[in-house]
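Visitor:
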Ligand code: DAK
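In the numbering used here, the protein residues as written are 589 to 848.
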């Protein structure tokens, strides 16, 4: 199986998956999203020898700086809805993975990158990592579960603030808020994730699987919220503001939003 933009390395029962688009700060383009889906839906279920996954980003700067803004211009609302729904399915596959998945956040985790980290079971951040959901800067809302999972981790008030202001927070603040489990020295993210995984892998695999299922079961009520997000994402995809926001990003200037 070919995985565009993913580098896979196995070390005993642990699979290290590296998002591998360093020049674009590992932005999650459609090919990367397809690869993640293939990995979690088809490749991993056939690999009984792999019992835990670490997800990280290539290079020292970013885990993933978002969905790939350059790909999302000109989408129709229906295309936006379809892409968001497919992205949700992929991130649910990660969240519901029967084996533990830990995000080793080695830099920016913005937009889709923050959403990907939140879909993982645990998060270890380097001290230089930064988190945020900056979609409103582009005239969009999060499309891969961000409006729902951020509330689950940090509560409604703070989630509302980060989603509305697009503020980025440092790893230390993410730790204080409960968005990440550990902060370590930069460069030590994968080693710490591996240490945690090794501890988990010493436990009963069925129990580990059932804990993951049970914790996720607590949040099933939020299903309607995810559906709402897909619909709303499709809507914002069709706005002039989104076209302007994406264009302004590419032209490295401030956007002129008109509210349409
Ligand atoms: N997409 C595409 N390219 C990106 C990118 C992104 N999200 N983030 C960075 N890059 C590219 C830059 O364009 C630049 O490319 P070149 O100009 O060299 O060709 C290269 O990565 C290095 O970036 P910078 O030169 O900007 O690096 P700096 O250190 O100066 O700044 C930064 C780092 C992270 C602060 C900055 O790059 C930045 O603000 N990036 C954008 C952050 C952001 O707004 N992320 C997107 C959030 S919105 C969807 C579902 C979900 C979403 C969208 C659609 N559908 C279902 C349709 C989610 C959207 C988001 O994630």
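For glycine and all other residues, C-beta sits at the position ideal for the given N, C-alpha and C.
Assuming residue 771 and residue 713 make a contact with CB atoms under 8 Å, what is their CB distance in whole Å?
Guide: 5 Å
Visitor: Rounded to the nearest angstrom, what separates residue 758 and residue 629 at their Cα positions?
Guide: The alpha-carbon atoms of residue 758 and residue 629 are separated by roughly 32 Å.
Visitor: So is residue 722 buried or exposed if we call it buried at 16+ other beta carbons inside 10 Å?
Guide: buried
Visitor: Where are the alpha helix (DSSP H) runs, 4 residues long or more, that stay fully inside the stretch 757 to 795, in chain order?
Guide: If we require 4 residues or more, the alpha helix (DSSP H) runs fully inside the stretch 757 to 795 come out as 759 to 765, 777 to 789.
Visitor: Alpha carbons only, please: which of 835, 821, 688, 837 is nearest the one belonging to residue 666?
Guide: 821
Visitor: Just list the residues that DSSP pairs residue 663 with in beta bridges.
Guide: Bridge partners of residue 663: none, in fact.
Visitor: By how many angstroms is the C-alpha of residue 736 removed from the C-alpha of residue 809?
Guide: 11 Å
Visitor: Can you check which of these residues, 674, 833, 817, 746, is closest to residue 658 by C-alpha distance?
Guide: The alpha carbon of residue 658 has as its nearest neighbour, out of 674, 833, 817, 746, the alpha carbon of 833.
Visitor: Figure out for me which residue from 640, 693, 660 has the closest Cα to the Cα of residue 646.
Guide: 693
Visitor: At a cut-off of 8 Å, would you count residue 664 as near the ligand DAK, judging by its Cβ distance to the nearest heavy atom?
Guide: No; taking the cut-off as 8 Å, the Cβ of residue 664 has no heavy atom of the ligand DAK nearer than that.
Visitor: Measuring only from the beta carbon, is residue 656 closer than 8 Å to any heavy atom that is part of the ligand DAK?
Guide: Yes, since a heavy atom of the ligand DAK falls inside the 8 Å radius drawn around the Cβ of residue 656.
Visitor: Can you check which of these residues, 703, 715, 710, 598, is closest to residue 733 by C-alpha distance?
Guide: 703
Visitor: For the candidate residues 846, 611, 672, 617, whose alpha-carbon lies nearest to that of residue 591?
Guide: 617
Visitor: Leaving out five residues before and five after residue 687 in sequence, what residues of the same chain have Cβ atoms less than 6 Å from its Cβ?
Guide: 639, 640
Visitor: Output the distance between the C-alpha atoms of residue 777 and residue 683, rounded to the nearest integer angstrom.
Guide: 20 Å
Visitor: May I ask which residues mark the beginning and end of the alpha helix (DSSP H) holding residue 649?
Guide: Premise fails: residue 649 is in no alpha helix (DSSP H) and is neither H nor E.
Visitor: Look at the Cβ atom of residue 781, then the Cβ atom of residue 691, and state whether they are nearer than 9 Å.
Guide: yes
Visitor: Three-state secondary structure (DSSP) at residue 658?
Guide: helix
Visitor: Please list the terminal residues of the continuous beta strand (DSSP E) segment that includes residue 606.
Guide: 602 to 607
Visitor: Excluding sequence positions up to five away, which residues of its chain have a Cβ less than 6 Å from the Cβ of residue 706?
Guide: 737
Visitor: Whole angstroms is fine: what's the gap from residue 678's alpha carbon to residue 670's?
Guide: 12 Å
Visitor: Is residue 622 helix, strand or coil by DSSP?
Guide: helix
Visitor: What's the gap between the Cα of residue 775 and the Cα of residue 651?
Guide: Each residue's alpha carbon lies about 12 Å from the other.
Visitor: What whole-angstrom Cβ distance do residue 711 and residue 768 have, given they're in contact under 8 Å?
Guide: That pair is a contact at about 4 Å.
Visitor: Nearest to residue 727 by CA position, among 839, 606, 604, 846, is which residue?
Guide: 846
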